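Chains as they are written, first to last, in the UniProt record's numbering: chain A, 1 to 273; chain B, 1 to 368; chain C, 1 to 261. I have placed the structure first, in the form of structure tokens, so that the comments after it can refer back to it.
Have a look at this one:
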């Protein structure tokens with residue numbers, strides 16, 4: 001037992017001291033006033049909830065993150081299924097090729113979308129040539145659509161990997177058994193494959209949803225005049241006006257939303273079981 | 001166990017690779033370290049510690065070399081990433097350690113109030129007399145009639161447009177509200193710039209706007225005319241070069257750089273006025289080498305240095321002699337003459353409350 | 001058969017989406033225009049400029065260095081953690097699991113901010129150690145995710161056989177466990193390396209003044225306009241990483257088929 005504790009403690013210590021403790025420090029700051037002698041106050045939170053536009057931005061951010069997560073699931077699931085169950089050769093290669101885009105900076109990729117999506121840009125010219133659109137204007141860039149596309153692009157490899165890992169573990173004989181019992185493919189999918197791969201979907205959803213909530217670069221660069229999200233508000237607080245305390249409060253509200261939504265998700269899961 | 005063996009080999013290979021990388025990185029670090037040692041061991045030279053932005057004039061190797069030879073000293077740069085960081089550095093152990101630092105209006109009044117700077121005796125600065133009056137009369141670097149920091153360089157945030165796409169001469173800030181250019185405008189995503197610009201357009205005092213509600217309405221009115229808001233200079237230059245925008249708010253320095261690169265850009269300080277900023281040099285309280293600090297600042301505001309930096313793409317000089325050494329056309333083109341200067345409203349220090357209020361207003365506009 | 005064709009078609013579509021912006025990124029590295037202007041005009045000038053740009057090269061080296069240390073530390077921590085928690089009660093397992101997965105549930109933005117506040121509370125300047133710790137904290141869960149998947153279906157009987165043959169714990173680890181989990185360790189380290197290498201958000205908050213990593217260098221250069229040198233270095237990194245994967249495959253030699261299996 002002693003050895004076990006010894007093995008576990010370094011990782012646990014680092015996570016405790018540098019992931020959990022700092023959150024409490026942030027919580028502490030969020031209750032401080034900006035006055036010269038800082039004192040306990042609720043004004044940071046009151047300010048947030050009394051201003052309609054902060055709530056509006058929060059809701060907008062959540063909506064955007066949900067959309068990105070759903071699109072990721074829809075695109076990634078078939079891909080993971082193909083890798084796990086359909087093809088026999090080349091799956092490791094595919095896996096590698098899915099991971100490789102990580103090697104290019106997230107920022108540079110965001111900038112590439114500017115070239116790719118803009119009116120008269122690469123995609124518009126291509127679609128125009130093959131006759132899908134009449135002009136070379138698309139009107140996608142500088143709308144929230146562009147930000148969503150970029151975020152899906154960044155995060156969907158995580159979704160593929162987690163779903164793939166779940167599907168790989170799924171025993172083929174279960175599927176065969178279901179088939180031999182006369183279940184239609186759709187039914188097999190709905191009653192066997194989907195429930196068994198759900199842990200992968202959920203892990204993937206967390207890996208996509210959470211960073212989306214905190215994203216600020218892509219929405220700002222690609223989202224145009226409506227590119228504000230809660231992440232950009234926090235960034236401005238810390239880097240533009242040094243409003244550490246109010247910034248901490250917003251960050252904590254964001255964190256609370258993450259925890260609530262995940263609590264809700266797990267509750268939903270347990271109920272179904 | 002053949003798979004195990006090959007895997008072991010792979011892992012060994014990767015370990016070797018990563019160790020090589022680590023070693024090269026360490027090697028680089030060591031080199032720098034030994035260089036520094038050499039310099040310090042060279043002797044009793046005065047060591048002047050300067051805090052500045054990276055790649056911002058004073059750390060040009062040629063400048064350093066010239067100054068070090070001239071005054072038999074050594075200049076050591078430490079870099080800051082934000083004004084706030086500089087303030088923190090000074091508050092926590094910077095006094096007595098740094099000699100010269102570069103604050104701007106956003107922290108200067110606070111720092112002076114807290115006694116972080118030495119009073120500047122301008123009679124010790126030969127070149128101080130050449131500084132444009134506009135700068136020597138700004139309030140941010142003074143307290144009770146005493147001067148605590150020396151203006152160094154300045155710039156403006158005004159209007160730039162594509163002279164191939166726009167076939168009129170623009171001279172009014174209202175072009176940003178002109179329906180004619182709908183979808184071709186880029187406004188700056190910065191609360192200070194936004195509010196000051198709207199105030200100028202409304203005829204309010206940009207340093208002390210009287211009607212923030214009107215400003216909010218004005219900004220909301222402007223919002224749909226934009227292609228996008230821009231924050232970094234890079235966004236602007238790419239939008240501009242790809243003809244996604246025709247007109248927008250822009251910095252004087254970057255407009256000049258782009259023009260040099262052959263872009264069809266015209267930069268104007270509109271008749272209603274525009275935003276200006278100044279960087280100051282300050283001598284840190286209890287600086288170890290005050291005399292050398294004066295010599296350094298004096299050199300920084302000298303005609304030679306200022307002219308050389310401006311010509312090679314730096315910001316605008318405060319030294320009137322440096323400006324006068326250029327021909328009229330260049331001065332007009334770069335908008336660094338006294339007439340452009342006098343149209344500027346320099347960014348002033350506002351208390352925390354005003355800053356918060358302005359930022360919130362801007363967030364609200366963006367959230368609309 | 002139809003299913004196979006459809007599958008490959010779908011895979012192709014996904015890969016077009018995945019690689020289109022990367023192709024654009026690479027193309028812009030070879031484009032004459034400084035501002036990514038079209039039409040495309042071939043030029044090597046950005047690669048030439050890059051070879052002179054010591055700052056960008058240093059930043060890349062720093063990134064590799066930081067990511068390599070992060071990767072190694074994460075693998076060691078994750079392996080120890082997994083070995084330690086294997087046969088513990090389900091309660092401890094649940095605790096370990098929730099603590100490890102916690103960083104995944106916190107947006108990096110918040111993680112960076114809270115570590116910055118920790119530094120402030122401790123009265124410390126931003127420093128390399130904290131940057132490294134931050135990177136380890138965010139990368140560790142990914143390493144654990146990959147390792148635990150592998151450890152779960154590890155056959156215990158081989159290990160037990162080793163003990164019953166009189167091998168001690170170290171020998172058992174070295175000769176039995178390690179060979180079994182080393183692919184997962186490799187994959188976990190690789191993943192941690194990559195998370196760290198591309199991390200911008202956390203570094204943005206914790207980077208010590210004066211030092212820089214590639215993502216930070218990119219972000220600070222976009223303040224005034226970055227040149228396609230950034231695209232050039234991204235292209236080089238991409239090609240190099242493909243080459244490294246190729247080398248690994250080559251070392252595997254006969255087991256090249258393994259990779260494509």
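Where is the CB? At the ideal position from N, CA and C, for every residue including glycine. Note that this is a predicted model, so its numbers are computed, not measured.
Taking 7 Å as the CB threshold, residue 312(B) stays off the interface with chain C. Contact between residue 116(A) and residue 122(A) holds: their C-beta atoms lie close to 5 Å from each other, under 8 Å. Taking a contact as a CB-CB distance under 8 Å, the pair residue 154(B) and residue 277(B) counts as one, their CB atoms being some 6 Å apart.
At least 7 Å separates the beta-carbon of residue 232(A) from that of residue 209(A). In summary, residue 132(B) is buried, with 16 or more beta-carbon neighbours lying within 10 Å of its beta-carbon over all protein chains present.
Closer than 7 Å to the CB of residue 106(B) there is not a single CB belonging to chain C.
Distance from the CA atom of residue 168(B) to the CA atom of residue 263(B), rounded to whole angstroms, is 18 Å. By the C-beta density criterion, residue 114(C) is buried, having at least 16 other C-beta atoms within 10 angstroms. Closest in C-alpha terms to residue 8(C), from the list 48(A), 2(A), 78(A), comes 78(A). Against residue 203(C), chain A offers no close residue; the least beta-carbon distance is about 11 Å (beta-carbon pairs closer than 8 Å).
The beta carbon of residue 265(A) sits closer than 7 Å to those of 202, all from its chain and outside the five residues before and after it, given in chain order. Rounded to the nearest whole angstrom, the CA to CA distance from residue 130(A) to residue 19(C) is 20 Å. Chain B places no beta carbon closer than 7 Å to that of residue 142(C), leaving this residue out of the contacts.
With respect to the 7 Å criterion, residue 247(C) and residue 101(A) are not classified as neighbours on the basis of their beta carbons. Residues of chain A whose Cβ lies closer than 9 Å to the Cβ of residue 191(B) are, in chain order, 236, 240, 241. The stretch 137-150 of chain B and the stretch 119-128 of chain B touch, with three or more beta-carbon pairs separated by less than 8 Å.
Among the residues of chain A, none has a CB under 9 Å from the CB of residue 162(B); the nearest is roughly 15 Å distant. Close CB contacts of residue 118(A) within its chain, under the 7 Å cut and outside five residues either way in sequence, are with 141 (chain order). Going by beta carbons, residue 218(C) and residue 105(A) fall inside the 7 Å limit. Using a C-beta cut-off of 8 Å, the stretch 170-184 of chain C makes no contact with the stretch 229-243 of chain C, since fewer than three inter-stretch Cβ pairs fall below that distance. None of the residues of the stretch 186-217 of chain A has a beta carbon lying less than 7 Å from any beta carbon of chain B. For the stretch 170-243 of chain B, the continuous beta strand (DSSP E) assignments of 3+ residues that do not extend past its boundaries occur at 185-188, 226-230, in sequence order. For residue 228(A), there is no enclosing alpha helix (DSSP H), as DSSP marks it with neither H nor E. If you draw a straight line from the Cα of residue 52(B) to the Cα of residue 198(A), it is about 54 Å long. The straight-line gap separating the alpha-carbon atoms of residue 76(C) and residue 146(C) is approximately 13 Å. Neighbourhood of residue 107(A) in chain C, by CB distance below 8 Å: 200, 215, 218, 219, 222, in chain order. Beta-bridge pairing by DSSP links residue 249(B) to 159(B).
The criterion of a C-beta distance shorter than 7 Å is not satisfied by residue 201(B) and residue 274(B). Along the length of the stretch 93-150 of chain A, whole beta strand (DSSP E) runs at least 3 residues long do not occur. Taking a cut-off of 8 Å on C-beta distances, the stretch 341-360 of chain B touches the stretch 239-249 of chain A, as three or more cross pairs fall below it. Taking the Cβ atoms as the reference, residue 25(A) lies roughly 5 Å from residue 121(C), within the contact range of under 8 Å. Rounded to whole angstroms, the gap between the alpha carbons of residue 200(A) and residue 166(A) is 5 Å. The C-alpha of residue 356(B) is placed about 17 Å away from the C-alpha of residue 41(A). About 7 Å separates the beta carbons of residue 73(A) and residue 205(A), which is inside the 8 Å limit, making them a contact pair. As summarised for the stretch 48-92 of chain C, the continuous alpha helix (DSSP H) elements at least 4 residues long and confined to that stretch are 54-85, given in chain order. Listed along chain B, no residue sits closer than 7 Å to residue 121(C) by beta-carbon distance, the nearest being about 13 Å off.
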